[in-house]
Amino acid sequence: MVYTGVVTTLSLIKLGKISVGDFNPTDKMMHTSAYLVLGCVWFFYYVMKNSQQRNYKADLLKIAVLVILFGMLIEVLQGTLTSYRTPDWYDMLANSLGVLIAFLIFIFFKKSFNHLKQKINLFL
Numbered sequence: 045m046v047y048t049g050v051v052t053t054l055s056l057i058k059l060g061k062i063s064v065g066d067f068n069p070t071d072k073m074m075h076t077s078a079y080l081v082l083g084c085v086w087f088f089y090y091v092m093k094n095s096q097q098r099n100y101k102a103d104l105l106k107i108a109v110l111v112i113l114f115g116m117l118i119e120v121l122q123g124t125l126t127s128y129r130t131p132d133w134y135d136m137l138a139n140s141l142g143v144l145i146a147f148l149i150f151i152f153f154k155k156s157f158n159h160l161k162q163k164i165n166l167f168l
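All residue numbers for the sequence shown refer to this note's numbering, where the first residue is 45 and numbers rise by one.
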């Protein structure tokens, strides 16, 4: 998935200070947002690819664990592959929080995502 590659690249390259207009987002907000989107991308991929979702919650939980482990791996790689990045436990926590929020969205709005899937499949 392209977004996974984008997150990986942005996590390992040297970045300057990022600001959006007059708003200066904190590092942890950026981590949470990036992993919220990453979790949503992978969860939506699961919804679209699986016609029978017998183990929906368990499957989403497995995906969530994998995405969280991916975030931890990225933090380790920042400390081992780069001289300008350092691993941070709070980054891992922020990443995990983003995945948890995405997980809860997909649990609570399961019917809505399945309805969206049906509409998309009508066009494919």
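A virtual CB, placed ideally from N, CA and C, is assigned to each residue, including glycine. Please read these numbers as outputs of a predicted model, since none were measured by experiment.
Can you give the Cα-Cα distance for residue i and residue j, rounded to whole angstroms?
| i | j | result |
| --- | --- | --- |
| aspartate 103 | phenylalanine 153 | 15 Å |
| valine 50 | tyrosine 100 | 27 Å |
| aspartate 71 | asparagine 165 | 38 Å |
| serine 95 | lysine 106 | 18 Å |
| leucine 160 | phenylalanine 147 | 17 Å |
| lysine 16 | valine 81 | Residue 16 lies beyond the range of the chain shown here (45 to 168); nothing can be said about it. |
| glutamine 122 | threonine 52 | 10 Å |
| threonine 126 | isoleucine 118 | 11 Å |
| methionine 73 | tyrosine 79 | 10 Å |
If residue i and residue j are in contact, beta carbons under 8 Å, what's the gap, nearest whole angstrom?
| i | j | result |
| --- | --- | --- |
| glycine 142 | serine 77 | 6 Å |
Closer than 8 Å, CB to CB, is residue i near chain B or not?
| i | result |
| --- | --- |
| leucine 54 | Any reference to chain B falls outside this structure, which holds one protein chain only. |
One question on the structure: do residue i and residue j come within less than 8 Å of each other, judged by their Cβ atoms?
| i | j | result |
| --- | --- | --- |
| phenylalanine 87 | phenylalanine 150 | yes |
| asparagine 158 | histidine 75 | no |
| methionine 45 | valine 85 | yes |
| lysine 58 | tyrosine 134 | no |
Sort the options by Cα distance to residue i and report the nearest one.
| i | options | result |
| --- | --- | --- |
| valine 136 | Val120, Leu59 and Ser95 | Residue identity check: residue 136 is methionine in the sequence provided, not valine. Methionine 136 has its Cα closest to that of Val120, out of Val120, Leu59 and Ser95. |
| isoleucine 145 | Thr53, Thr48, Ile112 and Arg129 | Ile112 |
| valine 109 | Tyr89, Gly83, Thr124 and Gln97 | Gly83 |
| threonine 48 | Met92, Phe114, Val91 and Tyr90 | Phe114 |
Which whole runs of the alpha helix (DSSP H) in the stretch 62-107 are 4 residues long or more, in chain order? 71-93
Start-end ranges of the alpha helix (DSSP H) lying completely within the stretch 108-140, minimum 4 residues: none
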